[in-house]
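There are 2 protein chains.
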Amino acid sequence: MTSKLLERRHRLLGQHAPLFYDQPLEIVAGEGLWLTAADGTRYLDVYNNVPSCGHCHPRIVDALAGQAAKLNVHTRYLHQTILNYVERLTGLFDDTLNMAMLTCSGSEANELALRIARHTTGNQGVIVTDYAYHGNTEAVAELGTGFMPEADGCQRVVGVPAPDAYRLPPGIAAEDAEDFYVRQVELAVETLQARGVGVAGILVCPAFANEGLLNPPNGFLDRAVSVVRRAGGLYIADEVQGGFGRTGHHWWSHQRFAAVPDLVTLGKPMGNGHPLAGVVVPRHLGEPFCEAAMYFNTFAGNPVSCAVGMAVLDVIEDEALMANAVATGDYVKAGLDALAEVSASIGDVRQKGLFFAVELVTDQERKTPDAALTRRVVNQLKANGVLISSIGKHNNVLKMRPPLPFAREHADILLDALGGALKAPKQNAVGGG
Amino acid sequence: MTSKLLERRHRLLGQHAPLFYDQPLEIVAGEGLWLTAADGTRYLDVYNNVPSCGHCHPRIVDALAGQAAKLNVHTRYLHQTILNYVERLTGLFDDTLNMAMLTCSGSEANELALRIARHTTGNQGVIVTDYAYHGNTEAVAELGTGFMPEADGCQRVVGVPAPDAYRLPPGIAAEDAEDFYVRQVELAVETLQARGVGVAGILVCPAFANEGLLNPPNGFLDRAVSVVRRAGGLYIADEVQGGFGRTGHHWWSHQRFAAVPDLVTLGKPMGNGHPLAGVVVPRHLGEPFCEAAMYFNTFAGNPVSCAVGMAVLDVIEDEALMANAVATGDYVKAGLDALAEVSASIGDVRQKGLFFAVELVTDQERKTPDAALTRRVVNQLKANGVLISSIGKHNNVLKMRPPLPFAREHADILLDALGGALKAPKQNAVGGG
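Which chain is which? The protein sequence lines are A and B, in order.
Quick note on numbering that gives the first Met the number 0: the first sequence kicks off at 0 and runs consecutively.
Quick note on numbering that gives the first Met the number 0: the second sequence kicks off at 0 and runs consecutively.
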C-alpha cells in the first residue's frame, strides 16, 4: 500500500517533495498528541508545532466550521472579527508593535517584512544567521545562506555564523564568544556597506531554532541589534517557530532579550494548521509602506482565518498551555539531562519551553557531529511509536517540539523511547544510516 | 457603527488597507450569490470570483469541516487525499502538465513559477504586460509594471503594452495591431538580452483580466510565446483569475489559444475562499528544480486544503457551472450589448464566460476614458444592491465577475441596475466623483 502511494506521489508531486523517515508514514487521523497511521498504529507526536494546540482541537475546528458556514470573504469589506483578532494579537506585544498585516504563510510574512524594511530604510542589505530557514519565496530563499540556491552569491544578503555557545568557533574561548559573534555582525554591516547596498536589517529567529535551537552567548542578540540599528537597519524577529507560547515563559521568543523588534513575523502555529500568518509592525512603519505598495492579500485576514486565530489564542490561554510548556518542558529537560549523564553520545541538551534539541556527537571532547546516529535514533523512535526529527548544520541534532498540551505521561513515553534508542546496538536499529 | 469600525480598522490594519466603495460595507453573512450587510441589506454579488461556487457552499463547507476534524497535517507524511486531488487536477490540463506543487496563495504560486523558470533557463529576464497584477511578494511585485514600487527600474522585468484590440496604440491601424504587439515582445526580448539577463519567460494572464479583460488581436499570444521560446524562455500562464471554468468554454483561459504553457499558476477560486493555490508543471521541469531547491510549503497541500479543492471540482462538474458560465454569460453579454446600443457612455463590452468588462468613455470616437462615471456607476450599483468593481489602466472599466451559479434571474437584476445607473443624472448619483 505504502509503495503504491509512494509511486503515485513521485509521479504527481515529484520524487524530491520532502518526506519524513526512511520508511514514510501514511497518517490518516489526528487527535490531541496522537497521530494514527493507515495500519492503525498510533504515534505520539513530539514533532509538530503547527497543530500547537493539539491535532484537530474541537474548539478550533468548531470555530473554523462555524465561520466557514456563515461568511468567508476578503478584507475589502469591513468585518468585526479581523479587528477583534488583530486587537487581541497586537495586545500580546510591546506597545510599539501596534498594527498587523495578515498573510497566508510564514514565507509571505517574511517577504512582507523584507519589503517593509527595504522600503523604510531605502537599503537592500539583510543580515541573517547561516543555515537558518525562513521560507520558500525568492527573496526569502536568498536568506537561506549555506544551502538555498538563491542565497548562493546573493550580494544583498550576508550570513553570519549562528551564535553557538556549545560549538565555539575554532580558537575562540567561551568568554570571548560573545565578542566574536558580535564582531561577525559588524563585519557583515561593513560588507553590505562596501557593496553599496546598505543595511535594511537583521532577520533572525530569536530561538535560533533551525540552526539547532542554539543558546547564544547572553548579550549577543541585543548587541547585534544595536550594531544593525547604528547602521540604519531594522530588527526583524522571525517568530514563525518560536512564537505563540512555544518557549513557555513568554508569548514570543524575542522576549527573552531586551531588544524590542521593529517587525515581527508570525506563522506556523497561528492557525493550528489553517493557513494563517502575518507581520506585526509599528504603525509609523506600516502606513508609509502600505501607501506606497497598496498591499493586499486576497485570502489573508478573511473571517474564517481570523475566527480560527482567535480560537487558537483562546485555547492557549484557557488551557494554560504556556504554563504547561514551562512545567512539562522543565520535566523533559531534567529527563534529557539524566540521559546525557549516562549516554556518551549526547553532547548537549538545549531547551526552550516545549522545544528541545539534543546534540549527538561521536566524542564529547571534539564534539564531532554524529549524523548517522541521529538518523538511526529518529527512525528507531518512529519504530517505537514516537515521532521526532532532526535539525542543524550537521544534521546531528534531535528536534523535539510537540503540540503544547504535551503532559508528563507523554514526556515519560518520549524519555523511555529515547533512552532505549540511544542504548540500542547499531545492528538492531531500524532503517539505519 | 461603520465609522467606529473604520476608526478601529485604520488603527489596527492601517489607513491604506484597501476597501471597496466610497462608503464601505460591513458584510456579515454570505449564501450563494448573496451577501448580507450588518444593517440587514442584501446585496447581489457580481464581483467575487474567489467564492466561485457560491458563498458558503454547503458541500464545500462540509468537506472543510469534516477533514479538519479528522486530520490536518503537512505533506511530509503520505496522504491519499493530496494524490487524489493532484491526479484529478492535472487531468484537467494538457498531458505535458503532469505534476503539481501546491501553495497557499496565487502570490506563492507565481513566486514558485518564477523560481522554476529562472532555475530551468538559467536566465533572469521576465516579460509581462503593463498594468497586470500578479501578487504581493517582492519578485512578483517586480512584475507589476506601471504601478508597483519594486517594478520601477527593475532590470530583469520588461513590460509590454497589453494587447488591446479596442484601444489601439496611436497611429496603428486595426489590421496592423497584432504585428505591433508581437513586435513589442520582440523588443522586450532584445532589451533583456542587451541587459545580459537573458529571457526566463513570459508571464501573462491569458484572460488579460487586470488589464481590462482585453481581447488581444487573434494571433498575438501564440506568436508572442513563439518569440519567447525562440529566445530560450518559458510560457507561464497565470490562471489565478481566469481558471477553474470562469471563462465557460474551457477550464483554463489559456485553452482559447493554441500554445500550451510550460507552467500554469492557480489561485483564487481553487478553494472557494480557503487559502489554496499551486503550480502545474511538466515533471521534467519540476523535478530538477525541486532537487536543487528542496521546495517545501508547510501549510500547502494539507488534507483539509485538498479535501476543499476536491469539493470545488465536484461542485463545478456536478452543478454544470461551466455550461452555466456560457449560457448566463452569453445572456448577460447580449444585455450589455443592448445597453451599449442606447448608452453613449459604453465604449466597449467584453466577455469571457461569466467575466465582463464594460469600458466607459466620454466620447465614442476618441474613446476618452471616463473614470469619474465608472466610479459613480460602481457606487450607484452598490446603493441599488448590486456589487461590482472597476479595473484597467485608466480605471474606467466596470469589472463584473460573479460566483459561477449566477443565473438569469441574477443577470436581470444586474442589467436593470446597470441600465438605471447609466441613465441616472449626475446629481442623483451616490458617493460620486
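For every residue, glycine included, the Cβ atom is placed at its ideal position computed from N, Cα and C.
Cβ-Cβ distance between residue i and residue j below 8 Å
i              : j              : result
L335 (chain A) : V357 (chain A) : yes
G124 (chain A) : V184 (chain A) : no
R41 (chain B)  : M309 (chain B) : no
V60 (chain A)  : A64 (chain B)  : yes
A206 (chain A) : T246 (chain A) : yes
I315 (chain B) : C52 (chain B)  : yes
Y132 (chain A) : C305 (chain A) : no
I26 (chain B)  : V72 (chain A)  : yes
E210 (chain B) : A258 (chain B) : no
G90 (chain B)  : C289 (chain A) : no
G270 (chain B) : L233 (chain B) : no
L284 (chain A) : T119 (chain A) : yes
L353 (chain B) : L421 (chain B) : no
S389 (chain A) : F19 (chain A)  : no
K392 (chain A) : Y130 (chain A) : yes
F435 (chain A) : Y180 (chain A) : Since the first and last residues shown for chain A are 0 and 432, residue 435 (chain A) lies out of range.
A208 (chain B) : Q240 (chain B) : yes
N296 (chain B) : L403 (chain B) : no
L191 (chain B) : V159 (chain B) : no
E137 (chain B) : R7 (chain A)   : no
K69 (chain B)  : A68 (chain A)  : no
For residue i: DSSP bridge partner residues
i              : result
T128 (chain B) : B:V159
D347 (chain A) : A:E358
W33 (chain A)  : A:E30 and A:L43
E25 (chain A)  : B:L77
H54 (chain B)  : B:G31
S389 (chain A) : A:L397
V203 (chain A) : A:A236
M269 (chain A) : Partner(s): none; M269 (chain A) has no beta bridge.
Contact list for residue i against chain A, beta-carbon separation under 7 Å
i             : result
K69 (chain B) : A28 and C55
Same chain only: Cβ atoms within 6 Å of residue i, ignoring 5 sequence neighbours per side
i              : result
V429 (chain A) : Because the pLDDT of V429 (chain A) is 43, which lies under 50, any placement of that residue in the model is unreliable, and the number read from its coordinates should be weighed accordingly. Once the five neighbours on either side are set aside, the close Cβ partners of V429 (chain A) are N378, Q379 and A382.
G272 (chain A) : V49 and P50
N214 (chain B) : A164 and R349
A112 (chain A) : I235, L262, T264 and V278
K351 (chain B) : A206 and T246
M321 (chain A) : G244 and G247
N109 (chain B) : H133, G134, V139 and T264
F298 (chain A) : C103
G431 (chain B) : For G431 (chain B), the predicted model reports a pLDDT of 36, less than 50, meaning its position is unreliable; a value from the coordinates is still stated below. Same-chain partners within the cutoff: R375.
G300 (chain A) : T74, I81 and L101
Contacts that residue i makes with chain B (C-beta to C-beta distance below 7 Å)
i              : result
H409 (chain A) : Near H409 (chain A) there are no residues of chain B at all, since even the closest Cβ is about 18 Å away, more than 7 Å.
V85 (chain A)  : L11 and L12
F405 (chain A) : The contacting residues do not exist; F405 (chain A) stays about 16 Å from chain B at best.
P169 (chain A) : Ordered by position in chain B, no residue passes the 7 Å Cβ test against P169 (chain A), which lies about 29 Å from the chain.
A382 (chain A) : By Cβ distance, chain B contributes nothing, its closest Cβ being about 15 Å from A382 (chain A), past 7 Å.
Interface residues of chain B facing residue i [CB-CB closer than 9 Å]
i              : result
S104 (chain A) : T102, C103, S104, E107, P274, N296, T297, F298 and A299
Interface residues of chain A facing residue i [CB-CB closer than 8 Å]
i             : result
G13 (chain B) : M98, M100, R282, G285, E286 and C289
Spatial neighbours of residue i in its chain, beta-carbon cut-off 8 Å, leaving aside the 5 residues before and after
i              : result
V385 (chain B) : Y42, L43, V45, I412, L413, A416 and L417
N427 (chain B) : Any reading at N427 (chain B) must be qualified, since the residue scores a pLDDT of 40, below 50, and its modelled position is unreliable; the value itself is stated next. Cβ within range, chain order: n/a, list empty.
R282 (chain B) : N97 and M98
K332 (chain A) : V348, Q350 and F355
Exposure label - residue i; buried when at least 16 CB within 10 Å
i              : result
L171 (chain A) : Reading off the sequence, residue 171 (chain A) comes out as Ile, not Leu. It counts as exposed.
H151 (chain A) : The residue you asked about is not His; residue 151 (chain A) is Asp in the sequence shown. That one is exposed.
V341 (chain B) : exposed
K398 (chain B) : buried
N122 (chain B) : buried
R229 (chain A) : exposed
G143 (chain B) : buried
S2 (chain B)   : exposed
R365 (chain A) : exposed
P168 (chain A) : exposed
Closer than 7 Å: residue i CB and nearest the ligand GDP heavy atom
i              : result
V156 (chain B) : Of the ligands one can find in the structure shown there are none, so the ligand GDP has no counterpart to examine.
Cβ neighbours of residue i in the same chain (closer than 7 Å, five flanking residues each side left out)
i              : result
L372 (chain B) : S344 and L359
Q66 (chain A)  : P302, V303 and A306
P216 (chain B) : P162, A164, A176, E177 and Y180
G328 (chain B) : G247, Q350, G352 and L353
A423 (chain A) : Q379
Chain B contact residues for residue i, given Cβ-Cβ distances below 8 Å
i             : result
V60 (chain A) : A64, A67 and A68
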